[in-house]
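Taking full-length UniProt numbering, I'd label the letters of the sequence shown as residues 1 to 431. For reference, the structure is listed below as C-alpha cells.
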Amino acid sequence: MFFFLFVNRMRARPGNFSPAALFISQELRYLCHSHEPGGPPTTGPRDTIVPQHPLPPGHPGASVLAVTGAGQLRFEIRGRLDAPGTAHVWDEASRVASAGSGGAVEADCSGIEYMDGSGMALLLKLREVVAEAGGTLSLVNLAPRHRQLIDLTGDRPLPGWNPADSERRGLAERVGRATRDALTGIREMVEFVGEASVIITRSLLHPSRVRWKDVLLSCVHVGVDSLFIISLLGFLMGLIMSFQSAISLQRFGGEIFVPNMLGLVMFREMGPLVTAILLAARSGSAFAAEIGTMKINEELDALTTMGLSPMRFLVVPKLLSALAMVPLMTLFFNLASLVGGALVMLSLGFPLVTFTSRVFSYVHYSDFFGGMAKALVFSILVAGVGCLRGMQTRSGASAVGLSTTSAVVTGIIFIAFADGLFAVAFYYLKI
C-alpha cells in the first residue's frame with residue numbers, strides 16, 4: 001500500500017523524483033502482475049519482462065516507432081509513459097533498442113506527453129540494453145526535468161547480480177576478516193560484561209530499582225517450567241550410571257561402592273554441568289530469541305529513545321533469575337539422580353539405609369558447596385551469553401535463528417572452559 005501511495009504521488013508530481021523511484025515502479029509492476037491470474041511470464045530474466053496488458057479504457061497509450069536513418073538506428077517514443085503505457089511498450093522498445101548491433105542508437109523523446117517513474121525506468125533499461133550490445137544510446141528532445149534525473153545516474157547500470165562480487169576472497173583477506181570479527185566480538189563481550197556488572201551492582205545496592213515482578217516471572221520460566229525435565233534427566237542419569245557401575249564392579253564384589261561414586265560424581269561434577277548445559281539449550285536460547293526479536297522490531301531503540309536502559313529492563317531480571325534458579329535446579333538434579341541410584345541398589349538387594357549412609361558419609365560439604373559454586377558461575381555464563389547474543393542480533397529473516405544457535409553453542413563452550421578452570425582450582429586448593 002505504501003508503494004502504491006508513493007508511486008501515485010510521484011505520478012501526480014512528475015517533476016519531483018528521487019533516484020529510487022526509477023526502480024520502485026518497475027518492481028511494483030512485477031509484483032502487481034504476479035498476483036493476477038496466470039502470474040508473470042516464466043521466460044527470460046525478471047527485470048526485462050513486463051506482461052503485455054490491454055490499456056485501461058480512455059488511456060491515450062504509448063508507442064515506439066523505428067525510423068530509418070543513415071548509418072544508425074533511430075526510433076521515436078510517443079504517448080503517455082505512466083505505468084500502463086510503459087508496460088504496453090516495454091518489450092517492443094527493448095526489442096527495437098537491441099537491434100542496434102553495437103552502433104549508435106538515437107531515441108527521440110519529443111513525442112512523450114507525460115512520464116513518471118515507470119517511463120524513467122524504461123529509458124534507463126533501454127540505455128542498458130544498448131550498452132550490452134556494444135552501442136551508445138542518445139536521448140534527444142527529452143524534457144529538461146527528466147534529463148536532469150537521467151544524468152544523476154551517470155553510467156551506472158541498473159542494480160543486479162555482479163559475478164565479480166561472488167569471487168573467492170584470498171587467504172589473507174579471509175584471515176583478516178575473521179580476525180577482525182573475532183576482535184569485535186571480544187570487544188562487545190567486554191563492554192557487555194562491564195555494563196552488566198555496573199548495573200547489577202547498582203541494582204543490588206538499591207533494590208527498589210529492580211523490577212522484581214519481571215525477576216519472578218523469569219524465575220518461573222527458568223526454574224519452575226524446567227523442573228520436570230531436570231528431574232527426569234537426573235533420575236535417568238543416576239539410574240544408568242549406577243546400573244552400569246554395578247555391572248562392572250559386581251565381578252570384584254564392589255557393588256557397595258556405587259553410592260560413593262554416584263554421590264561424588266553428581267554433587268561435584270555432573271549435577272551442575274548437565275543442569276547448566278540443559279538450561280543453556282532451553283533458557284539461554286529463549287533469552288537470545290526474545291531480546292533478538294525485540295531488537296529487530298526496534299523495541300530496544302524505543303526503550304533507548306525514552307531514556308530507559310535495555311540492560312536494566314531486560315538483562316538484569318534474567319541474570320538475577322538465573323542466579324537464583326540454576327543452583328536450585330542443580331539440587332533437584334542431584335536428588336533425582338540419588339533416587340535413580342537408590343532404585344538400582346534396592347534391585348541388587350541392598351537396603352535403602354545402606355545407600356543413604358554410604359552417600360552422606362563419603363560426600364563432604366566441600367563437594368556440595370563446590371558444586372553449588374559451579375552452578376552459580378554457570379548460571380551467569382548461560383544467562384549472560386544468551387542476553388549478549390540477543391543484543392548482537394542483526395537484521396534479516398534468519399538473524400534470530402543465528403543468534404539462538406550462537407547462544408547455545410557459545411554457552412556450552414564457556415561452561416566446559418569454566419569447568420576445566422574449576423577442576424584446576426580445586427586441585428591446587430586441595431578441595
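Where a beta carbon is used, it is the ideal one built from N, C-alpha and C, also for glycine.
Taking buried to mean at least 16 other C-beta atoms within 10 Å of its own C-beta, is residue i buried or exposed?
{"i": "L255", "result": "Leu is not the amino acid found at residue 255; the sequence shown has Glu there. Counting Cβ neighbours within 10 Å, E255 comes out buried, since at least 16 surround it."}
{"i": "I112", "result": "buried"}
{"i": "P259", "result": "buried"}
{"i": "N297", "result": "exposed"}
{"i": "P60", "result": "exposed"}
{"i": "P207", "result": "exposed"}
{"i": "D367", "result": "buried"}
{"i": "W90", "result": "buried"}
{"i": "S321", "result": "buried"}
{"i": "F369", "result": "exposed"}
{"i": "G38", "result": "The predicted position of G38 is uncertain, since its pLDDT is 43 and thus under 50; a value taken from the coordinates is nonetheless stated next. Flag for G38 reads exposed."}
{"i": "K125", "result": "buried"}
{"i": "T42", "result": "Summary for T42: the model assigns pLDDT 38, below 50, so the residue's position carries little reliability; its value from the coordinates is reported in the next sentence. Counting Cβ neighbours within 10 Å, T42 comes out exposed, since fewer than 16 surround it."}
{"i": "G263", "result": "buried"}
{"i": "G390", "result": "buried"}
{"i": "A397", "result": "exposed"}
{"i": "I230", "result": "buried"}
{"i": "D116", "result": "buried"}
{"i": "G135", "result": "buried"}
{"i": "T275", "result": "buried"}
{"i": "V344", "result": "buried"}
{"i": "A107", "result": "buried"}
{"i": "V198", "result": "exposed"}
{"i": "F417", "result": "exposed"}
{"i": "S357", "result": "exposed"}
{"i": "I415", "result": "buried"}
{"i": "L205", "result": "exposed"}
{"i": "L31", "result": "For L31, the pLDDT reaches just 40, beneath the cut-off of 50, and the residue's location in the model is therefore unreliable, although a value from the coordinates is still provided. By the 10 Å Cβ count, L31 comes out exposed."}
{"i": "F228", "result": "exposed"}
{"i": "A302", "result": "exposed"}
{"i": "A423", "result": "exposed"}
{"i": "R312", "result": "buried"}
{"i": "G79", "result": "buried"}
{"i": "G349", "result": "exposed"}
{"i": "L273", "result": "buried"}
{"i": "G176", "result": "exposed"}
Give the single residue among the options whose Cα lies nearest to the Cα of residue i.
{"i": "Y362", "options": "Q392, M266, K318", "result": "M266"}
{"i": "residue 447", "options": "T330, A246, M325", "result": "The structure shown has nothing for residue 447, since the chain only spans 1 to 431."}
{"i": "A133", "options": "S98, V385, I277", "result": "S98"}
{"i": "E269", "options": "D181, G234, P56, L55", "result": "G234"}
{"i": "Q335", "options": "L232, T393, R251", "result": "In the sequence as displayed, the identity of residue 335 is Leu instead of Gln. Checking every option, the nearest Cα to that of L335 belongs to L232."}
{"i": "M261", "options": "L239, H146, I277", "result": "L239"}
{"i": "I186", "options": "L142, Q392, G119", "result": "Q392"}
{"i": "I77", "options": "F287, F243, G119", "result": "G119"}
{"i": "L278", "options": "C219, G135, V326, I200", "result": "V326"}
{"i": "S395", "options": "V224, F287, A281, K295", "result": "K295"}
{"i": "R95", "options": "Q244, R127, C109", "result": "R127"}
{"i": "Y114", "options": "P84, Y427, S283, L137", "result": "P84"}
{"i": "Y365", "options": "Q244, I431, L303", "result": "I431"}
{"i": "L314", "options": "I200, L183, P144", "result": "I200"}
{"i": "G371", "options": "G103, F333, P351", "result": "F333"}
{"i": "S337", "options": "K213, Q250, L236", "result": "L236"}
Which whole-angstrom value describes the C-beta separation of residue i and residue j, a residue pair presumed to lie in contact below a C-beta threshold of 8 Å?
{"i": "V105", "j": "L73", "result": "5 Å"}
{"i": "V129", "j": "E92", "result": "Wrong, their Cβ atoms sit about 12 Å apart, outside the cutoff."}
{"i": "T330", "j": "G271", "result": "5 Å"}
{"i": "T86", "j": "L55", "result": "No, T86 and L55 are not in contact; Cβ-Cβ is about 11 Å, not under 8 Å."}
{"i": "R210", "j": "S203", "result": "Before going on, a small fix: residue 210 reads as Val here, not Arg. That belief holds up - the Cβ atoms of V210 and S203 are roughly 5 Å apart, short of 8 Å."}
{"i": "G340", "j": "S242", "result": "7 Å"}
{"i": "Y407", "j": "S285", "result": "For the sequence presented, residue 407 should be read as Ala rather than Tyr. Correct: roughly 6 Å between the Cβ atoms."}
{"i": "L328", "j": "I380", "result": "That belief does not hold up - the Cβ atoms of L328 and I380 are roughly 15 Å apart, past 8 Å."}
{"i": "C109", "j": "L142", "result": "4 Å"}
Exercise for review: Kindly provide the ranges of any alpha helix (DSSP H) runs that are 4 or more residues long and lie completely inside the UniProt domain "STAS" (75 to 154), ordered along the chain.
Suggested key: 83 to 97, 117 to 132, 144 to 153
Practice item. Evaluate contact between the region 301 to 311 and the region 371 to 380, counting only Cβ atoms and requiring at least three cross-stretch pairs below 8 Å. Key: no
Practice item. Check whether the region 397 to 407 touches the region 284 to 295, taking contact to mean three or more Cβ pairs, one atom from each stretch, closer than 8 Å. Key: Yes, the region 397 to 407 touches the region 284 to 295.
Review point. Quick check: the region 385 to 392 against the region 407 to 417, are there 3 or more CB pairs under 8 Å?
Key: yes
**Study point:** 4-residue-minimum alpha helix (DSSP H) runs that sit fully inside the region 172 to 222, ordered along the chain
**Key:** 212 to 222
Check your understanding: What are the complete alpha helix (DSSP H) segments, minimum 4 residues, inside the region 276 to 335?
Key -> 285 to 296, 299 to 305
Point to revise | Inter-stretch contact (C-beta, 8 Å, three-pair minimum) for the region 309 to 319 and the region 213 to 222 | key: yes
Check your understanding: Where are the beta strand (DSSP E) runs, 3 residues long or more, that stay fully inside the region 222 to 271, in chain order?
Key -> Taking only runs of at least 3 residues, no beta strand (DSSP E) segment lies wholly in the region 222 to 271.
Check your understanding: In chain order, which continuous runs of the beta strand (DSSP E) of length 3 or greater are located wholly inside the region 337 to 385?
Key -> none
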